[in-house]
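Asks:
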Amino acid sequence: MRFQNYLTYILIIIAALIAVISRLLPHMPNFALMGAVALFAGAFIRSSRFAFLIPVAAVFASDALMEIDNPGSGFYAGMGVVYTSYAIIFFAGRLLTKPFNPFQVGTGAVLASVIFFVITNLSAWLYLPIYTKDLNGLLNCYAAALPFFRTTLISDLAFSTVLFGSYYLVVRMSPSVRISR
-13 MRFQNYLTYI
-3 LIIIAALIAV
7 ISRLLPHMPN
17 FALMGAVALF
27 AGAFIRSSRF
37 AFLIPVAAVF
47 ASDALMEIDN
57 PGSGFYAGMG
67 VVYTSYAIIF
77 FAGRLLTKPF
87 NPFQVGTGAV
97 LASVIFFVIT
107 NLSAWLYLPI
117 YTKDLNGLLN
127 CYAAALPFFR
137 TTLISDLAFS
147 TVLFGSYYLV
157 VRMSPSVRIS
167 R
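Listed below in structure tokens is the structure:
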């Protein structure tokens, strides 16, 4: 296994552990690392057809820990939709091409936020009885979720910058390592 592969897995594991721990601490709603982790994993892990399970497993682990810490708070009715959105973000990360540039990473982070917002809120509209099942109800659902979208967008941009930036800083500090796919 090459240095870049080790570095990729190490960064994903560290970010996933931080994500798990951060969900147990007080934080702003939807301010999470997992969108960035899914995007980063999709951009860098090409060798396994099951690699999309990495971000999903991290979310599941944090849900399980939350459930242990506070029964009823970790496992919830819409968790499958959330996991699906992270798997889709992983595959969106595969659309990024090396060498990555700030515009490409930023666009990927925005796309990750939009994917999460559209999928999870469409599900909320479909399954929550508080929204009417018409266009007005759908628009109300998305409007109610806009403050959460802002937080998701900020966290995806910030954490994607940290993950992709950390990778390139470490690689750049190691001149014998060439960046390749």
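For the sequence shown, my numbering assigns the number -13 to the initial residue and increments by one for each residue that follows.
Yeah, the Cβ is synthetic: ideal placement off N, Cα and C, and Gly gets one too.
Please state the DSSP three-state secondary structure of D142.
Replies: Start at 1 with the first residue of the sequence shown, and residue 142 comes out as number 156. Reduced to three states, the DSSP call for D142 is helix.
Asks: Looking at the unbroken alpha helix (DSSP H) that takes in G58, where does it start and where does it end?
Replies: If you number the sequence shown from 1, residue 58 lands on position 72. Unbroken run through G58: none, as it is neither H nor E.
Asks: Tell me whether F36 is buried or exposed, calling it buried when 16 or more other Cβ atoms sit within 10 Å of its Cβ.
Replies: Working through the sequence shown from its first residue, we reach residue 36 at position 50. Label assigned to F36: exposed.
Asks: Within a Cβ cutoff of 6 Å, which residues of the same chain sit near L124, ignoring the five residues on either side of it in sequence?
Replies: Along the sequence shown, one-based indexing puts residue 124 at 138. These residues qualify, in order along the chain: W111.
Asks: Which one of V96, Y(-8), I140 and M65 has the shortest CA to CA distance from S176?
Replies: The chain is shown from -13 up to 167; residue 176 falls before or after that span and cannot be answered.
Asks: With a floor of 4 residues, list each alpha helix (DSSP H) that falls wholly inside the stretch 0 to 76, ordered by position along the chain.
Replies: Runs of the alpha helix (DSSP H) inside the stretch 0 to 76: 20 to 30 and 39 to 55.
Asks: Rounded to whole angstroms, what's the CA-CA distance from V157 to A98? Just pull it up for me.
Replies: Here residue 157 refers to the residue found at position 171 when the sequence shown is read from its first residue. Here residue 98 refers to the residue found at position 112 when the sequence shown is read from its first residue. Taking the straight line joining both Cα atoms gives about 25 Å.
Asks: Alpha carbon to alpha carbon, what distance is there between I7 and V148?
Replies: Residue numbering aside, residue 148 sits at position 162 when the sequence shown is read from its first letter. Residue numbering aside, residue 7 sits at position 21 when the sequence shown is read from its first letter. Approximately 18 Å between the Cα atoms of the pair.
Asks: Can you name the start and end residues of the alpha helix (DSSP H) that F86 belongs to?
Replies: Numbered from 1 along the sequence shown, position 100 holds the residue referred to as residue 86. Element bounds for F86: n/a, residue is neither H nor E.
Asks: Using 8 Å as the cut-off, can you tell me whether the stretch 11 to 20 makes contact with the stretch 129 to 144, which would need three or more C-beta pairs spanning the two stretches below that distance?
Replies: The stretch 11 to 20, when compared against the stretch 129 to 144, does touch it at the 8 Å Cβ threshold.
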